[in-house]
Each structure stands twice: as structure tokens, then as C-alpha cells.
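Engineer: Residue numbers (the working numbering): 19 to 585. Just dropping this structure here.
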RNA sequence: GCCCCCGUAGCUCAGCGGAUAGAGCGCCGGCCUCCGGAGCCGGGUGCGCAGGUUCGAGUCCUGCCGGGGGCACCA
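Below you can see the structure in the form of C-alpha cells.
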């Protein structure tokens, strides 16, 4: 049993002895150090049913607990309206240090909450009609960090990118390409960014239509496919540079060319959910909570093609019923909000429990430059590409910047601030802590100081408030990881990493590890504290996909391109 | 009109129903004979409004106000 379980059980037993029913007792961390190390609020919540003042219950409980012998507990006190606070000796934190070191980078702060559930995280999935924008990068970092965190919690995770390599947007891209190559104006619904012109100059494919007349459909399609293939490989390398690696790049064209659409429609047909209306094939999604039924196949006068939703449902049928994922997490931008209800309804129509499909919507990321909004549009070509931001900042700063706040929060990135203060982005603060730790190791080796085995080191020397603060952070990591996974909220881990870094910097400032005035015993204990902090930092940073470097470059001269993020 | 997200410090954002709401940036002052000062310490301002639930609400519920996004036989 962990210390927390022991304390909770002790409280629970005393409450029973006091005549209350058996109940789980949860302990919480007080916000302030003078309130002790752990606290319980049971007296507050029991006061009403007991008809007794909360402080009275609390003090009886505290008295009883004080008569017991509990490991590490030096005192139980009543405070405020009826909190029962446990004050612990530093030994419990020394035990945390040992636990961190014993488990190490691979095993500390693992949790089994996933129970081997097979989960797919689909994210970014931007159409290959242009470079990724900054918002794609934010959701890319999010999806990848989420996948890493879920993996550490015992989920079996696959990362997937759904490639929209078919349909009207690809044709529009092809038409734009051919028009630019001919020297014509880009058509109304076309793409006019500089990247299209570059591709047009390079394109060798056919354009058999006579000058002045519209290009042949097959030439448009060929041009579109070629261009989107090129763009997709650029997207791939941009994501790779951020340390994002997919297990599967899933082609929409394969869905459409294979029999998946027909099979999916057959499922709906058998369920009696299809009908015709005005020549279109409709799915009765309203039976599953949608606001209106949806078109699966357009009427002949609209081209008779299957809709995007039909393809998407065939795709989700593949995820759940062919590949057999227990759970699917789709990470979309908020501009896809309108799809969610029909997608979930369609999944339900497939006979899949729709709670197995989670859709996480990331709110918009907007850019400003010195306070002035930067409008972005792929079609107009006026936007800041993700790869440009990465080139300017480096992969790790880009990732951490995008993982600071919740995806529920629409954020504004001020390019002027980012440019002028790139050396002050949150990542440096955290990475510097790790680099300092590495520096301590280098100095230790230079001075020929051996690290004795942890079992021979007297951790009882670690009593400085700065030392204990580092250990308190480390103690909290397993729960932070668990909560970050459960809430699908990697930014909680970002907050934790910053807290640990802050406490480490404070320790570093006030507590010398080696040198005059530091006894050899204290040096040994502190070296192990530093090692534990390093483990914590590396775990946190690796789950976020941010490098933990051994050296920092010169300020302002980050060799960002070389800083490939390790996974 | 309906649906989703958000209103917390001058700005960008954290904040698990608990005690005196926190960081970073910016501003003002301190701190290096010693492991990297990209650091440490101090200084002040804030939960959009109104109800409700609760022993206790920034956090949950309702309404209002304000901002963003979405409501196709587009993808």
C-alpha cells in the first residue's frame, strides 16, 4: 500500500470508530506549505449529516489519528473551517526519490489506466492542397503528445493521418496548376499561393486541350494528384521535423476505389436506414441524434457522387469494424464542428457505440504581428506556414509553445513577440534546467567524484525547503500523467514540467551540490536528487515531444534546424 | 435562430468543488571569488454580469452580456 492509501485507510477506520459509515477517503495536497503535506476534508462534508460542527468532528478525528503510529506522520492538525492536515517528516519524500530512481526514465509515472485498450488517434489530416499552417502544428503537437501520454498509461496507441487525396479540392488544385502553367488566371475556386506557381513550373504532365478551351478532366485530375502528392510529402517532412511520426497514412482514394463505400451502404441498407429523396440517397441520421438526415450519394444532377460524409463513414467503419479499434479519438479544428453530430450519428448507425468515438475540437489559432491580426487563407496563399515558424523558432520551442494552453482555448500567437523573444520562450527555461543538470554531471566527472550506490547514501540530509520542493513535484508526476491522459489534456503536463524546472532552478540557486562547505555525504544525497530531477524532466519532456538537451546553445543562436526532436 | 469553445493581472495563458487565485512577458529594484545569470529573490493589479446548487464556487447549473467557430446534394 502506498503512503496515501495507508493514510486514507487510517482516516476511514477512525471515522468508522466514530460511528460514521465506511467510505473512501481521498487526500488532497494543500495549496500552502503551512497546511502540511496532505489534507482531508471529510469533516467538512460529514458535518451536515452528523449534525455536528465540522471543527468538532475534525478535532476528534485528529486526536484519534495522533494516537496512532503512522509512518512519516509527525502530526495531524485541524485548521480553518475543519480541514484535517497531515504534517509529514521529509522521509516520505526521500522514499519518493528512491522510487523515481528505481523506476527510472522508462517506468516512473507509468499508469495502467488504459488497460491495453487499442486506441487510434487521428490528427492533423489536413488536405494536401497546401502547406500546413500554424493551427495544424498546434493540433499536431497536441495529437502526438496525447498519443505519447496515452501510451504511457497503458493504451495501445496508433497515430493516423487521413489523406484527403480525392474530390473537388484536388481537382481545384489541378486546375490552378494547369492555369498557372498556361499563364492564365487562377480559376475562381482555385489555389493561388506562391507554392502553386512553383509546382506549376515543375510539372511535366499533359494538358491535351487546345489553347483557349478548358483543360480535360483527366489532365486536371492527373495534375491535381501529382501536386497533392508533392505537397503531402512536404507536409510529412514538416511533421517529422516536429518529431511527429504516424503509423498510418490512410488514403481516402483507397476507400473510394475499394469496395468500402458499397459495403458501408449495405450495412445501412440492411438496417433500413437508407431512403431516396429528390434523387439523392439519404441516411436517417436523425434517428441517432442528428438535426437532419444526411445525403450519402448526391442526385444525378449534382454529379451522383458519394458525399464526403459517406466516405468518412466508410472510413470510420474501417476503423471500428475492420481494424477493430476499441476507441477512436479524432482531433479536428473547431471549423469542423458541424461534422461531429452527423459523424457520431453515422457511427451509431453502423451499430458502433458512439461513445467509442471521441472528437476533440481544437479552437482556432490566430496570428498577429505586433498586435495586428494576420489573416490566413490557403486559397489566397496569404498565410504563415508552419514550417516557417519551425525554421524561425526550432522544433522544440514550437512544440512547447503549442502545448502551453488547452486546445479549448482559442489562442493568439504574436509573431513579433515570438521573433524578438525566441530565446525567452517557455522551452528554454525548462531545457536550461536539464542542461544545468548535465553540467553538474560533467563537473562531477571532471572532479573525479564517484556517485555511491543510492542504498549507501543518507538521504536524510535532504531537508532544505528547496530540495523538498523538487521532490514534491516528482511525487506528483504519476498523478499528473494520469490526469493528462484521462482529460486528454497534455497541457497539464506542460504546466508540471515548468513547475519542476522552476523548483529545480530554485534548488540550484540555493543548494550547492559540490564544493567548499558541502560535506561529501550531502554531495552524494544531492547528486541523487539531481538525478531524480533529471529523470522527471526527461519523462515530462519526452511525453510532450520536446528535447531534453545536455547543452544550451548561445542565446539567440539556436541551431534550430538541427534540433530534431527525439521520440 | 440553433450548436460548440472562451471571457481570470496591461498582454499571452495556467488553475483536480476546498484554505490567502498563480506563471510567463512587460515595468521597477536587489543577487555571481564557487556546479552555465537563458538563473534566483522582492515589488501590484484580476475571476464579464445576475441568480442558483453546496458546509465551501474562478471551477457545477440557469439566464444575460461580450469574443471566436460551426450549422451544404463543399471537402
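Cβ atoms here follow ideal geometry from the backbone N, Cα and C, with glycine treated the same way. Computed from a predicted model, the values in this text were never measured in an experiment.
1. Put residue 30 into one of helix, strand or coil per three-state DSSP.
2. For residue 123 and residue 552, I'd like the C-alpha separation in whole angstroms.
3. Within its chain, find whatever has a CB closer than 8 Å to the CB of residue 270; leave out the 5 residues flanking it on each side and keep chain order.
4. Residue 161 and residue 131 look like a contact to me (Cβ under 8 Å); what is the Cβ gap, rounded to whole Å?
5. Should residue 219 go down as buried or exposed, given a rule of 16 or more other Cβ atoms within 10 Å for buried?
6. What is the rounded straight-line gap between the Cα of residue 577 and the Cα of residue 570?
7. Could you round the C-beta distance between residue 434 and residue 371 to whole angstroms and report it? I think they count as a contact, below 8 Å.
8. Per DSSP, which residues does residue 379 bridge with? Please list them.
9. Go ahead and pull the three-state DSSP assignment for residue 315.
10. With distances taken from CA atoms, which of 88, 96, 380 is nearest residue 59?
11. From 563, 522, 427, 538, pick the residue whose C-alpha is nearest to that of residue 456; which is it?
12. Give the list of continuous alpha helix (DSSP H) stretches no shorter than 4 residues that lie fully inside the region 101 to 144.
13. Can you tell me which of the three DSSP states residue 332 falls into?
14. Which partner residues of residue 174 appear in the DSSP bridge assignment?
15. With DSSP as the reference, please indicate the residues paired to residue 432 in a beta bridge.
16. So, are the CB atoms of residue 53 and residue 84 less than 7 Å apart?
17. Less than 7 Å between the beta carbons of residue 169 and residue 106, yes or no?
18. In three-state DSSP terms, what is residue 345?
19. Leaving out five residues on either side along the sequence, give the residues of the same chain with a beta carbon under 7 Å from the beta carbon of residue 189.
20. By the three-class DSSP mapping on this structure, what secondary structure does residue 309 have?
21. Using only the heavy atoms of the ligand HEM, determine whether one of them is closer than 6 Å to the beta carbon of residue 169.
22. Buried or exposed: which applies to residue 430, given that a residue is buried once 16 or more other Cβ atoms fall within 10 Å of its Cβ?
23. Considering only DSSP beta bridges, list what residue 151 is partnered with.
24. Can you tell me the Cβ-Cβ gap for residue 140 and residue 344, rounded? I've got them flagged as a contact below 8 Å.
25. Grouping DSSP H, G and I as helix and E and B as strand, with all else coil, what is residue 95?
26. Would you call residue 20 buried or exposed, if buried means 16 or more other Cβ atoms sit within 10 Å of its Cβ?
27. Among 306, 303, 294, whose alpha-carbon lies nearest the alpha-carbon of residue 316?
28. In whole angstroms, give me the CA-to-CA distance for residue 468 and residue 373.
29. Which class does residue 301 belong to by DSSP, given the choice of helix, strand or coil?
30. Once you ignore the five residues that flank residue 556 on each side, which residues in its own chain have a CB closer than 8 Å to its CB?
31. May I ask you to report which of helix, strand or coil DSSP gives residue 235?
32. Could you have a look at residue 58 and say whether DSSP puts it in helix, strand or coil?
33. Just list the residues that DSSP pairs residue 295 with in beta bridges.
34. Counting only runs that start and end within the region 445 to 482, where is the alpha helix (DSSP H) found for 4 or more residues in a row?
35. Quick one: residues in its chain with C-beta nearer than 8 Å to the C-beta of residue 427, no 5 flanking neighbours on either side, listed in chain order?
36. Please state whether DSSP places residue 499 in a helix, a strand or coil.
Structural biologist: Checking against the coordinates, here is how it stands:
1. helix
2. 9 Å
3. 180, 181, 182, 183, 184, 185, 329, 333
4. Wrong, their Cβ atoms sit about 19 Å apart, outside the cutoff.
5. exposed
6. In this prediction, residue 577 scores a pLDDT of 38, lower than 50, which makes its location untrustworthy; the coordinate-derived value is nonetheless stated afterwards. Approximately 10 Å, taken between the alpha carbons.
7. At roughly 48 Å, the Cβ-Cβ gap does not stay under 8 Å, so residue 434 and residue 371 are not in contact.
8. 350
9. strand
10. 96
11. 522
12. 109 to 125
13. helix
14. 136
15. 386
16. no
17. no
18. strand
19. 238, 239, 242
20. coil
21. Ligands in the displayed structure: none, and consequently the ligand HEM is not present.
22. exposed
23. 403
24. Not really, about 14 Å apart at Cβ, beyond 8 Å.
25. strand
26. exposed
27. 294
28. 55 Å
29. strand
30. 123, 452, 566
31. helix
32. strand
33. 298
34. none
35. 381
36. helix
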